[in-house]
Amino acid sequence: MARAFAPILARDASVVSIGISSLLVTPDNYGYMGPIKAALESSSRFLAKSFSADSQVRFNVVAPGR
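The working numbering applies: residue 86 is where the sequence shown begins, and numbers increase by one.
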């Protein structure tokens, strides 16, 4: 979606995604959420790197915590 909106984003825009809580201890029923959280954070880093060549767009993942 970020690539699709790239032409209309301001040069110094910010893209924010909402993650899941960052837990200190993983509960038993956490299931697939660990890999999903890692994928979200990894894709945000990848997008930041790929956009850095021609813009100053910032990518952030906000995760609720304590």
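Where is the CB? At the ideal position from N, CA and C, for every residue including glycine.
Note that the structure is predicted; figures quoted are calculated from it, not measured.
| said: Is it buried or exposed, F90, if we count other Cβ atoms within 10 angstroms and call 16 or more buried? | reply: exposed
| query | Which class does I121 belong to by DSSP, given the choice of helix, strand or coil? | reply | helix
| Helix or strand or just coil, what does DSSP make of S135? | helix
| task | Return the residue from the list S140, S99, R96 and K122 that minimises the CA-CA distance to P149. | result | K122
| request: Assign V147 to one of two classes, buried (16 or more other C-beta atoms within 10 Å of its C-beta) or exposed (fewer than that). | output: exposed
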